[in-house]
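J.: Numbering (the numbering used here), first residue to last: 11 to 149.
Note that the Cβ used here is the ideal one computed from N, Cα and C, for glycine as well.
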Amino acid sequence: MGGTGGDAMRCWEKLEERAKATFWGYLGCQLVSVGERETIVRLQAGERHLNMIGIVNGGVLASLLDNTMGIAAAANRPDDQIVTSNLNVRFVHPLRAGLLEVRAHVVHSTNRMMMVYGSVTGEDGRLGTIGTGSFRAKG
């Protein structure tokens, strides 16, 4: 399941279908690709994702990073359950409504822990948010 082949992607697509009833679905996340090297998720940010000053809410951005980095970690440990143990988020530039793209990859891995880096860019390609997360494999 952790590979980049068609079978692995179909397996993730089935999981994404089940996730539509969860917070993932409420946000409106779309899994674009998943592999051992990189995971990509997109979100069409609309009015419901914005805060009172018209930019994407920080909690939405943190959730996008947590979800995408968690999938990246899980792709590297397909036989384990993965949980977030730490999440660090840096807001670099305000993001507006439109297509957001989140990319994540594992930067370090030990027996049970993984450190993952992620970034969120806006529709204009500008970097808006970066994050790192520690993820624990429960197997």
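(1) Tell me whether Leu114 is buried or exposed, calling it buried when 16 or more other Cβ atoms sit within 10 Å of its Cβ.
(2) Measure the C-alpha to C-alpha separation of Gly132 and Met125 and round it to an integer number of angstroms.
(3) Going by beta-carbon coordinates alone, are Arg28 and Gln40 separated by less than 7 Å?
(4) Check whether the Cβ atoms of Val112 and Leu74 sit closer than 7 Å, and answer yes or no.
(5) Is it the case that the segment 53-65 contacts the segment 89-99, given that we only count it when at least three CB pairs across the two stretches are under 8 Å?
(6) Which of the three DSSP states, helix, strand or coil, is assigned to Glu48?
(7) Report whether the distance from the Cβ of Asn86 to the nearest heavy atom of the ligand NAD is below 6 Å.
(8) Thr142 and Tyr127: beta carbons closer than 7 Å?
T.: Let me spell this out:
(1) The residue labelled residue 114 in the question sits at position 104 within the sequence shown. Correcting the residue type first, residue 114 is Ala in the shown sequence and not Leu. Result: buried.
(2) On the sequence shown, position 122 is the one that residue 132 refers to. On the sequence shown, position 115 is the one that residue 125 refers to. Spanning the alpha carbons of Gly132 and Met125 requires a straight line of approximately 24 Å.
(3) Position 18 of the sequence shown, counted from the start, is the residue given in the question as residue 28. Position 30 of the sequence shown, counted from the start, is the residue given in the question as residue 40. Cβ distance not < 7 Å, so Arg28 and Gln40 don't count as in contact.
(4) In the sequence shown, residue 112 corresponds to position 102, counting from 1. In the sequence shown, residue 74 corresponds to position 64, counting from 1. Cβ distance < 7 Å, so Val112 and Leu74 count as in contact.
(5) They do not touch, by the three-pair rule.
(6) Here residue 48 is taken as the residue at index 38 of the sequence shown, counted from 1. Secondary structure of Glu48 (DSSP, three-state): coil.
(7) The ligand NAD is absent from the structure shown, which contains no ligand whatsoever.
(8) Position 132 of the sequence shown, counting from 1, holds the residue named residue 142. Position 117 of the sequence shown, counting from 1, holds the residue named residue 127. Contact flag set, yes.
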